[in-house]
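Below is one structure, written out as structure tokens, with a few remarks after it.
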Amino acid sequence: MNRSLGAVLIAFSLFLSGCTSETEKPLDPLQDEDGDGLSNGWELERGFDPRNASDVLICQGQAKFCERQYDNHTFPETHNSFSTTEEGTWMAINHYTALQAQWDGGIRAFMIDIHHLTNDDTEKEDVRFCHGSPDAFPHPCMYSEVDAFAWLSHLNSL
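Following our numbering, the numbering of the sequence shown begins with 4 at its first residue and continues without gaps.
Now the structure itself:
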């Protein structure tokens, strides 16, 4: 009988301990419970654990940027990105370093001038990046041009 009574007391105490444990307090969606830089509400909406700091997303090097909308970011850009000495441009040079070095340096927006090779060569395989106005003399692709498809394929591979 003592054993039965002991077993009942143990079972009752185990049951009671589960019933009296402190429940988790609700999270304020605007606060950052785990200190990872992301609000609790933002993390919950995207399936992250707002109580676990190692469950984090990094955007442009910092978690706080993840909550920004796309139009609330600034992206470094190069003007006439293809017009470089590394690409073989010898007139109207804008940069010394080509696409790979620009990408490795953090550039994420590339301004490009798209032209046909000449005013007469207007097929899709004649598309080039050339720095200048097609109405000017000489045509901008006469003094230097970069193959648009090869350049964009390289960009796509990064």
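Ideal Cβ placement from N, Cα and C applies to all residues, glycine included.
(1) Work out the CA separation of PHE132 and ASP150 for me, nearest whole Å.
(2) Determine the DSSP secondary structure at ASP150, reduced to helix, strand or coil.
(3) What three-state label does DSSP hand GLU126 in the structure shown?
(4) Quick check on GLN103: does DSSP put it in helix, strand or coil?
(5) Around the C-beta of ASP35, are 16 or more other C-beta atoms found within 10 angstroms, so that it is buried, or is it exposed?
(6) Helix, strand or coil, according to DSSP, for CYS69 in the structure here?
(7) Taking the continuous alpha helix (DSSP H) assigned at GLU46, which residues delimit it?
(8) Distance check for SER136 and GLN103, CA to CA, integer angstroms please.
(9) Three or more C-beta pairs closer than 8 Å, one from the region 101-115 and one from the region 75-84: is that the case here?
(10) Under a three-way DSSP split, which group does HIS134 fall into?
(11) Quick check on HIS157: does DSSP put it in helix, strand or coil?
So, to answer that:
(1) About 6 Å.
(2) Looking at ASP150 - three-state DSSP - the assignment turns out to be strand.
(3) Correct three-state label for GLU126: coil.
(4) Three-state DSSP puts GLN103 in a helix.
(5) Burial call: buried.
(6) Helix at CYS69.
(7) 43-48 is the span of the alpha helix (DSSP H), which, as asked, contains GLU46.
(8) The alpha-carbon atoms of GLN103 and SER136 are separated by roughly 26 Å.
(9) Three or more Cβ pairs closer than 8 Å define a contact, and the region 101-115 meets that threshold against the region 75-84.
(10) Assigned with DSSP and collapsed to three states, HIS134 falls in coil, not helix or strand.
(11) Of the three classes helix, strand and coil, the one that applies to HIS157 here is helix, per DSSP.
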